[in-house]
Amino acid sequence: MTTVRIPAGWPATEAEARAVQDELRERVVLDEPGPPPGSGHVTGVDVAYDDERDVVAAAAVVLDAATLDVVAESTAIGRISFPYVPGLLAFREIPTVLAALDALPCPPGLVVCDGYGLAHPRRFGLACHLGVLTGLPTIGVAKNPFTFTYDDPAPTRGSSAPLLAGDEEVGRALRTRDAVKPVFVSVGHRVTLPNACAHTLALTPEYRLPETTRRADALCRRVLKEVSGTRA
DNA sequence: GCGACAG
DNA sequence: ATCTTGTCGC
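When we follow UniProt numbering, the leftmost residue of the first sequence carries the number 1, and every step to the right adds one.
Below, the structure is given as structure tokens:
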């Protein structure tokens with residue numbers, strides 16, 4: 001497990017963070033299909049916090065896309081680098097997530113984020129941000145529609161409906177289990193929306209959330225508990 | 001101006 | 001995100 005420092009020049013104010021988003025947004029690539037589902041590696045990343053002790057734990061878990069078996073794992077511990085501000089989540093998570101990705105012993109392949117990509121007030125959510133910084137193909141799969149609207153998809157797994165910001169489709173509400181609340185898929189970097197949905201379905205044979213984020217979530221919570229328990 | 005708002 | 005018991009179900 002690696003320890004992270006907050007990068008020099010990391011935004012300290014909301015205005016600075018928005019300026020960074022405006023700059024990096026130009027580098028998002030939307031015209032690549034992305035890797036095909038079911039082959040190669042798929043990596044889930046997630047983060048857990050202990051605001052009391054100013055600790056953040058990140059995990060990256062690499063799965064074999066065909067079998068969903070765990071191929072590799074890594075974790076990183078850092079200090080909280082930004083307060084939670086809706087629309088600026090990436091500045092809170094990215095330094096530690098980058099460290100966890102760097103610590104992996106193999107290429108991550110497609111990275112699945114717990115949150116949004118283009119489905120973002122400024123069209124530059126966590127998945128876009130992470131994609132631009134790493135050059136990796138990324139998608140976002142979120143549990144909530146945030147500020148966006150959607151019509152309920154048909155009740156069968158695989159059904160979907162546009163996730164809308166007014167008239168603009170920023171992602172899809174995708175049903176991953178029959179009659180269960182959909183997840184909210186959006187493109188991050190170098191992946192197409194239909195392909196992002198296909199990956200999400202390939203990662204949800206049993207549960208609503210992708211196996212990648214379930215594994216990463218469990219791992220980062222575990223390490224957070226370990227470090228918090230170690231230092232009273 | 002006020003409220004809502006990924007994790 | 002995080003705080004939290006029991007409970008229903010495979």
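Don't be surprised by glycine CBs; every beta carbon is placed ideally from N, CA and C. Note that this is a predicted model, so its numbers are computed, not measured.
Range covered by the alpha helix (DSSP H) that runs through residue i
i      : result
Pro194 : Leu193 to Ala202
Gly131 : Leu126 to Thr134
Through-space distance from residue j to residue i, alpha-carbon basis
i           : j      : result
residue 241 : Gln21  : No answer is possible for residue 241: the residues shown for the chain start at 1 and end at 232.
Cys113      : Ile139 : 6 Å
Ala173      : Ala196 : 12 Å
Asp31       : Gly229 : 46 Å
Glu23       : His129 : 11 Å
Val191      : Thr13  : 31 Å
residue 234 : Ala161 : Residue coverage of the chain in this structure runs from 1 to 232, which leaves residue 234 outside it and unanswerable.
Val85       : Arg79  : 17 Å
Val170      : Leu118 : 6 Å
For residue i, the three-state DSSP class (helix, strand or coil)
i      : result
Arg18  : helix
Phe91  : helix
Ser228 : helix
Thr75  : strand
Glu168 : strand
Asp217 : helix
Residue range of the unbroken beta strand (DSSP E) whose run includes residue i
i      : result
Cys113 : Leu110 to Cys113
Thr43  : His41 to Asp50
Leu63  : Val55 to Asp64
Ala154 : Looking at the DSSP string, Ala154 is not in any beta strand (DSSP E), and its letter there is neither H nor E.
Close Cβ partners of residue i (< 8 Å) along its chain, the five nearest in sequence each way excluded
i     : result
Val62 : His41, Val42, Thr43, Val70, Val71, Ala72, Glu73, Leu104, Cys106, Pro108 and Gly109
Pro33 : Val191, Thr192 and Asn195
Same chain only: Cβ atoms within 6 Å of residue i, ignoring 5 sequence neighbours per side
i           : result
residue 235 : In the structure as shown, the chain begins at 1 and stops at 232. Residue 235 is therefore absent and cannot be evaluated.
Gly131      : Thr138, Gly188 and His189
Ala99       : Thr2, Val4 and Ala76
Any 3 or more C-beta pairs closer than 8 Å across the region 51 to 61 and the region 119 to 129 = no
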